[in-house]
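Here is the structure we will look at.
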Amino acid sequence: MRNILNNNKMMAIIFTLIVISVLLLAYFFIKPEVKEKEIHVFLNGNEHQAISLLSEYVDDGFKMKIGKEEVDTMNLDYKMSSTIDPSVPGKYEVNYEIMYDNQIYHLKRVVEVKDEEAPVLTIEQEVAEKYFCKKTNKMNLSYRAEDNYDGIITDKVKVEVGEKNVILSVSDSSGNETRKEIPLKEMDDQKVAIIELKGKETVYIPLGGTYEEEGATLIDGCGDEKSEEITITGNVDTQTPGEYEVNYQYKDDNQKVTKTRKVIVYEIKKNENIQENSKKIVYLTFDDGPGQYTEELLNILKKHDVKVTFFVTNQFKKYVPLIKRESEEGHVVAVHSLTHNWKIYQSVETYMKDFNDMNEIVAKYTGEKSKLFRFPGGSSNTISRKYAKGVVSSIASHMTKNGYTYFDWNVDSEDAAGASSKQILSNAINGINSRDVSVVLMHDIKKNTIAVIEEFIVYAKENGFTFKTLSPSAQTVHHHINN
Ligand SMILES: [Zn+2]
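Sequential numbering of the sequence shown, starting at 1295, is according to my numbering.
In structure tokens form, the structure reads like this:
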């Protein structure tokens, strides 16, 4: 009996085990049916998002679905983390960790912080001024650029200079660009305008004479002539002796340039010297021309009504026809030499050939041959010794016999020797003060002489000297003949 009982107990246990096994098997077979309700997590909105620099980021969150049913996220256990820094452009991540039913679900979103704001470009003028003449091509243009992220980026501004406008552009580090355009105005660059007087800086006018305005030239900073923009002021009263100023002015927004001409209206002084000096005679003589300064000299002589003696040559052919004007204006034209070459001293014949040829030219322009002459180098020259012994003596005697008169000088301005204008003037003034009859040697081919001749004439006139021209009857001034 006991065994049967035991057997029944065993059966129950086995049965129970079978039932449990069947249940377990059934569970495992049924379970997949339940598991078909899958869990899904989704991000709300796009997986990639962008926000503007310095703006606030709000994440759109996520959803969880179990099968087709959405789970309220309020009831879920999740963690969200992000590294977003809205003040620095770049790409950041937002991560979600969602815990559900002992599982962890991950979600990731990429958020880009973008600088979309272009820099602010400020130009401090409405027109760009371009100083055309400046070699640097510099412009009067002032600007600044500031960016919300990069800060001050004025040094990044690009300036494009067109023909009629200037384009400024600047980009920030994110590539946002701002462009602005302003008109371009080309300015005259007149930093070194120069006024140059036409004619002399000091002009002498005899009392009652006429002042002729010769004007001036203006060269602006660009090298352009703008003489018509000079304003000339000042009065010259030629009826009243004195010193006058004529002013030449050029003015613009940047500068004022002035130049002054001195005009001296003079009268012959009735001082004590005059009686004494009025007996003193000055023969001005000019050798070696006509040349490039002869015309200017003739103008000065005409203005002061001074007559002189020209010992002419044929050296500067372009100017030779001025002999006609010399003669027409009352000057004496005398022979110096056709060639002014020392070889003429080879013989009396070679000298005479040169002399006669020159005298033909004199006759051509004045209507008659001259009876006056001056030896090249003067009668005292020693250069002729190189060519023929005693030739100057022979020529002098031959010429005198034939009715010609030669003149040397007793006042040497030393202009042929290269004296400065100041030296020439003092040589001449000292010379005429030292004697009663002065034959002054000058050369109308010397610039330094022409520069001071007017001052000399005014001095001589103011001090009562009398100008005369040479003639056969004039007191001859001869050097000692050395050959
Ligand atoms: Zn000479």
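The beta carbon of each residue, even a glycine, is placed where N, CA and C say it ideally should be. This one's a predicted model, so the numbers in the text were calculated from it and none came from an experiment.
So, for residue i: in the same chain, excluding its five sequence neighbours on each side, which residues have a beta-carbon less than 7 Å away from its beta-carbon?
i       : result
GLY1585 : PHE1610, TYR1613, ASP1738, ILE1739
ARG1619 : LEU1592
GLY1697 : LYS1665
LYS1520 : LEU1512, ASP1514
GLY1725 : VAL1705, SER1732, VAL1734
GLU1537 : LYS1556, ILE1558
SER1621 : VAL1627, TYR1659, THR1660
Can you find the residues in the same chain that come closer than 6 Å, C-beta to C-beta, to residue i, ignoring five residues on each side of it along the sequence?
i       : result
GLU1561 : LEU1501, PRO1535
ASP1706 : LEU1735
LYS1373 : GLU1391
ILE1333 : ILE1360
GLN1543 : THR1525, THR1552
HIS1342 : VAL1404
ALA1657 : LYS1663
SER1572 : GLY1758
GLU1748 : TYR1498, ILE1594
So residue i and residue j are in contact, right, with Cβ under 8 Å, and what is the actual spacing, rounded?
i       : j       : result
LYS1492 : THR1511 : 6 Å
SER1765 : ASN1742 : The Cβ separation is near 29 Å, so there is no contact.
ILE1526 : GLU1507 : 7 Å
GLU1406 : ASN1470 : The pair is not a contact, with the Cβ atoms about 15 Å apart (cut-off 8 Å).
ILE1638 : TYR1645 : 5 Å
VAL1752 : LEU1719 : Not quite, the Cβ-Cβ distance comes to about 11 Å (not below 8 Å), so this is no contact.
ILE1617 : TYR1659 : 4 Å
TYR1700 : PHE1667 : 5 Å
LYS1479 : LYS1424 : 7 Å
So, is residue i buried or exposed, given that buried needs 16 or more other C-beta atoms within 10 angstroms?
i       : result
VAL1686 : buried
ALA1320 : exposed
ALA1628 : buried
HIS1625 : buried
GLU1490 : exposed
ALA1344 : exposed
HIS1400 : exposed
SER1599 : Residue identity check: residue 1599 is Asp in the sequence provided, not Ser. Per the 10 Å Cβ criterion, exposed.
ASP1379 : exposed
SER1349 : exposed
ILE1693 : In the sequence as presented, Ile is not what sits at residue 1693; that position holds Met. It is buried - the Cβ of MET1693 has at least 16 other Cβ atoms within 10 Å.
ASP1546 : exposed
PRO1615 : exposed
MET1652 : buried
THR1607 : buried
GLY1758 : buried
MET1393 : exposed
ASN1721 : buried
LYS1755 : buried
THR1310 : exposed
VAL1460 : buried
ASP1518 : exposed
ILE1744 : buried
Pick from the options: whose alpha carbon is nearest that of residue i?
i       : options                            : result
SER1467 : PRO1477, VAL1451, LYS1474, GLU1457 : VAL1451
ASP1531 : THR1504, GLN1549, GLY1515, LYS1545 : THR1504
VAL1602 : ILE1655, LYS1550, LEU1735          : LEU1735
VAL1771 : SER1732, THR1760, ASP1648, ALA1745 : SER1732
TRP1703 : PHE1669, ARG1679, ILE1677          : PHE1669
VAL1335 : ILE1308, PHE1309, ASP1371          : ASP1371
GLN1549 : GLY1758, VAL1486, THR1676          : VAL1486
GLY1339 : LEU1311, PHE1356, GLY1671          : PHE1356
GLY1456 : ALA1422, VAL1464, ASN1529          : ALA1422
GLY1528 : LYS1556, CYS1516, GLY1517          : LYS1556
VAL1559 : TYR1498, LYS1331, ASP1444, MET1368 : TYR1498
THR1799 : HIS1773, SER1463, VAL1365          : Summary: the structure shown does not reach residue 1799, with the chain confined to residues 1295 through 1777, and so no result is reported for it.
LYS1683 : LEU1337, ASN1300, SER1641          : SER1641
THR1554 : SER1315, SER1463, GLY1509          : GLY1509
THR1778 : LYS1695, LYS1647, THR1448          : Look at the range of the chain in this structure, 1295 to 1777, and you will see that residue 1778 is not part of it.
GLU1363 : LEU1337, LYS1331, SER1381, ASN1369 : LYS1331
Who are the Cβ neighbours of residue i in its own chain at under 8 Å, not counting the five residues just before and after it?
i       : result
LYS1762 : ILE1575, VAL1576, TYR1577, LYS1601, ALA1768
GLN1419 : ASN1434, LEU1435, SER1436, ILE1476
ILE1446 : ARG1438, ALA1439, GLU1440
SER1691 : none
SER1376 : TYR1351, ASP1353, TYR1386, GLU1387, VAL1388, ASN1389, VAL1405
LYS1408 : ALA1344, ILE1345, SER1346, LEU1347, PRO1383, SER1468
HIS1630 : ASP1581, ASP1582, PHE1605, VAL1606, THR1607, MET1652, PHE1667, ARG1668, PRO1670
THR1430 : Caution applies to THR1430, whose pLDDT of 45 falls short of 50 and renders its modelled position unreliable; the value that the coordinates give is listed next. Result list for THR1430: empty, nothing under 8 Å.
SER1674 : ASP1702, HIS1773, HIS1774, ILE1775, ASN1776
THR1579 : VAL1602, THR1603, PHE1604, PHE1605, ARG1668, PHE1701, TRP1703, VAL1733, VAL1734, LEU1735, MET1736, LEU1764
ALA1713 : SER1707, ASN1721, ASN1742
With a cut-off of 9 Å, does the C-beta of residue i fall near any C-beta of chain D?
i       : result
VAL1451 : Looking at the structure shown, chain D is missing, and only one protein chain is on hand.
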